[in-house]
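In the working numbering, each residue carries its 1-based index in the sequence shown increased by 217. Don't be surprised by glycine CBs; every beta carbon is placed ideally from N, CA and C. Data first, discussion second: the structure below is written as structure tokens.
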Amino acid sequence: MIGKLRRGVFGGLALSLLATMMASAAPITPERLLATGDEPQNWLMGTGDYRAQRYSGLDALSAENAARLKLLFTVSLGPISVGEGFEHTRLSAPLVEDGMAYMVDPFGVVYRIDVTSGVNGHIMWTSPRLEQEMDPWLIGQWSLTLHGNSVILAAGDGRLFWIDRESGAVTRTATAADPATGYVLSAPPVLVGDTLVIGGAGGDRGARPQLTGLDANDGSVKWRSFLTGEDFTAGASILRTGAYDAESGLVLWSTDGPASAYGETLRGGDNATNTLLAIDPDSGTIAWQRPLLASDVLGFNDAATPVLLPEGNAVQAGDDGFVRRFDVTSGTLDYAEPYVTGLDWYGERDAVGAPISTGNAVSPPGCPNILAEDHMPASYSTRTALLYAAQNNGCRADLSDIGNLAGEDEGGLYAHSTSTTGALAAIDPANGAVVAEHLFDYPLQSGLLTTAGGLVIAMTADGSLHLLDDTTLDTVWSQHVSSFMAAPPMSYSVDGRQYIGMIVGGGPLYSEISFRSRDMAGVRHLAVFAVFGVEP
218 MIGKLRRGVF GGLALSLLAT MMASAAPITP ERLLATGDEP QNWLMGTGDY RAQRYSGLDA
278 LSAENAARLK LLFTVSLGPI SVGEGFEHTR LSAPLVEDGM AYMVDPFGVV YRIDVTSGVN
338 GHIMWTSPRL EQEMDPWLIG QWSLTLHGNS VILAAGDGRL FWIDRESGAV TRTATAADPA
398 TGYVLSAPPV LVGDTLVIGG AGGDRGARPQ LTGLDANDGS VKWRSFLTGE DFTAGASILR
458 TGAYDAESGL VLWSTDGPAS AYGETLRGGD NATNTLLAID PDSGTIAWQR PLLASDVLGF
518 NDAATPVLLP EGNAVQAGDD GFVRRFDVTS GTLDYAEPYV TGLDWYGERD AVGAPISTGN
578 AVSPPGCPNI LAEDHMPASY STRTALLYAA QNNGCRADLS DIGNLAGEDE GGLYAHSTST
638 TGALAAIDPA NGAVVAEHLF DYPLQSGLLT TAGGLVIAMT ADGSLHLLDD TTLDTVWSQH
698 VSSFMAAPPM SYSVDGRQYI GMIVGGGPLY SEISFRSRDM AGVRHLAVFA VFGVEP
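In structure tokens:
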């Protein structure tokens, strides 16, 4: 069963054979995806590997030479957007195999870019424009998956396109679900063997939360699993991608909070909001499902991607300011510890240790109003054995009851934040303790990357790129690049030279930040692939 393949089965492949396969543009196979650590020069998955650690095994770039880091080249992606659609589309990290980069722009155009020269990016082909008219209120995500000789585009409206990697031609299409029901695809699929596991969103528009398994070869539906009963109210969307544990054969996903922060007594059905779940990718059977919050009336969204650890645990840093560790096979909660100082929203814990919201809308000056890991993927460094998580802290300055058109209270509160700042925490996953922290003047955006060279890479909303020491979190290098990243950073190498790649531009997070510098006004509608490296 491919869902239970283990990494060790393929550990004996000779490096010389692997190099030969890569040189001949070998297909992207399950074996290669299970062994991404053997190809640190490539970035074959949006999360870096199945464990979603966002860790690069490259060490050519380090604190010793980071001072020489510079912008090497950029490639403009698509036309300038003058409408609002751009701001309602999330992008995923670029993928790179053997010096060929694959990425998608905000309009659904896929690019293959030759980045082997290190001085420019040559566009080899672009796909047709695959954008479709959608309700701009629905926030979807374009994402790419490498499979065989294809790059598969997952669109926000639930459609998938198979594109030939050599020619750029669309060879097949499929549909995961109907957007007319409110369904939207906000999370990149997880490819396990020949099954694309797809998490559905749109729970806040009435779409019933679901996971779908598609055959990656022909696009047919293998299975569909619903997360709630038919009388479900709203919420429980899957907004971020999952992580695959090869040992147990399970894919782990998180769901978001209840729509409009409905009080728990008003949320009918088999509620699955703010939960972590494990699913068998072969059958679609849900192995276990565990709540992250005992109750929630403040609208938290713990849909962050879980990160898998070497010891068989999963750790997740949620935007409620808590980091949690679970056993992968059973879902048992090992701990739930705050990684943000001064949390005021919870009081007691339930029987298994989950924090219980007090429902208190009053927050003291300087309080944190959390917008954390859901929007900004964390990273686990194999080098330090630490988890790095980002959060944006502010103060709830304006709170109001949520009511319906008849003026009746519906049991929740809207929370708004001003004067948001950013913080990055290094967390010991053994016990959830924060061992180092770096404070920023501006909010963090777009996620983290750690490297074998001892670096943590992040970007703040003022448009500055930061390289930090992975032990002390001291700044090693920082530079203003005018706009923040529209997708998390990634790293690749060509001929032994390491590069940092990212998509810089606007996107949906632009409208959510509390700070905008004046020079960001012209770049909010422009997406650019930017590559940084050290001059030889």
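{"Check": "Expected contact under 8 Å - CB spacing of residue 543 and residue 566 to nearest Å", "Outcome": "At roughly 16 Å, the Cβ-Cβ gap does not stay under 8 Å, so residue 543 and residue 566 are not in contact."}
{"Check": "Assigned secondary structure, residue 251 (DSSP; H/G/I helix, E/B strand, else coil)", "Outcome": "helix"}
{"Check": "Beta bridge counterpart(s) of residue 370 as assigned by DSSP", "Outcome": "361 and 378"}
{"Check": "Cβ shell of residue 501 (< 6 Å), same chain only, five flanking positions each side left out", "Outcome": "430, 440 and 442"}
{"Check": "Status (buried if at least 16 other CB within 10 Å, exposed otherwise) for residue 256", "Outcome": "buried"}
{"Check": "Among 421, 398, 469 and 344, the one whose alpha carbon lies nearest that of residue 531", "Outcome": "469"}
{"Check": "Three-state secondary structure (DSSP) of residue 639", "Outcome": "strand"}
{"Check": "Three or more C-beta pairs below 8 Å linking the stretch 252 to 270 and the stretch 309 to 318", "Outcome": "yes"}
{"Check": "Residue 378 versus residue 294: straight-line alpha-carbon distance, rounded", "Outcome": "19 Å"}
{"Check": "Between the CA atoms of residue 706 and residue 452 - distance to the nearest angstrom", "Outcome": "29 Å"}
{"Check": "Residue of 505, 331, 553 and 527 minimising C-alpha distance to residue 538", "Outcome": "553"}
{"Check": "Identity of the residue in 446, 412, 409 and 407 nearest residue 420 by Cα", "Outcome": "446"}
{"Check": "Nearest candidate by alpha-carbon position, reference residue 458, set 698, 472 and 246", "Outcome": "472"}
{"Check": "Reduced DSSP secondary structure (H/G/I, E/B, other) of residue 531", "Outcome": "strand"}
{"Check": "Where residue 284 falls: helix, strand or coil (DSSP)", "Outcome": "helix"}
{"Check": "Pairwise C-alpha distance: residue 710 and residue 286", "Outcome": "14 Å"}
{"Check": "Residue of 282, 273, 549 and 249 minimising C-alpha distance to residue 694", "Outcome": "282"}
{"Check": "Same chain only: Cβ atoms within 7 Å of residue 569, ignoring 5 sequence neighbours per side", "Outcome": "550"}
{"Check": "Environment of residue 574 [buried if 16+ CB atoms lie within 10 Å]", "Outcome": "buried"}
{"Check": "Residue 509 - partner residues in DSSP beta bridges", "Outcome": "Note: residue 509 sits in no beta bridge, so no partner."}
{"Check": "Close-in-space but distant-in-sequence residues of the same chain around residue 713 (CB under 7 Å, 5 per side omitted)", "Outcome": "277"}
{"Check": "Residues near residue 422 in its chain [Cβ-Cβ closer than 6 Å; skip 5 each side]", "Outcome": "399"}
{"Check": "C-alpha distance - residue 374 paired with residue 307, whole-angstrom precision", "Outcome": "12 Å"}
{"Check": "In DSSP terms, what residue 572 is bridged to", "Outcome": "566"}
{"Check": "Continuous beta strand (DSSP E) stretch holding residue 544: start and end", "Outcome": "539 to 544"}
{"Check": "Pairwise C-alpha distance: residue 397 and residue 324", "Outcome": "20 Å"}
{"Check": "Residue 408: first and last residue of the uninterrupted beta strand (DSSP E) it sits in", "Outcome": "407 to 409"}
{"Check": "Inter-residue Cα distance where the pair is residue 749 and residue 686", "Outcome": "18 Å"}
{"Check": "Residue 435 versus residue 369 - alpha carbon distance", "Outcome": "12 Å"}
{"Check": "Minimum C-alpha distance to residue 717 - residue among 318, 536 and 520", "Outcome": "318"}
{"Check": "Residues bridged to residue 645 (per DSSP)", "Outcome": "650"}
{"Check": "Opening and closing residue of the beta strand (DSSP E) in which residue 342 lies", "Outcome": "339 to 343"}
{"Check": "Within 8 Å, strictly: CB atoms of residue 690 and residue 655", "Outcome": "yes"}
{"Check": "Proximity below 8 Å, CB of residue 746 to CB of residue 330", "Outcome": "yes"}
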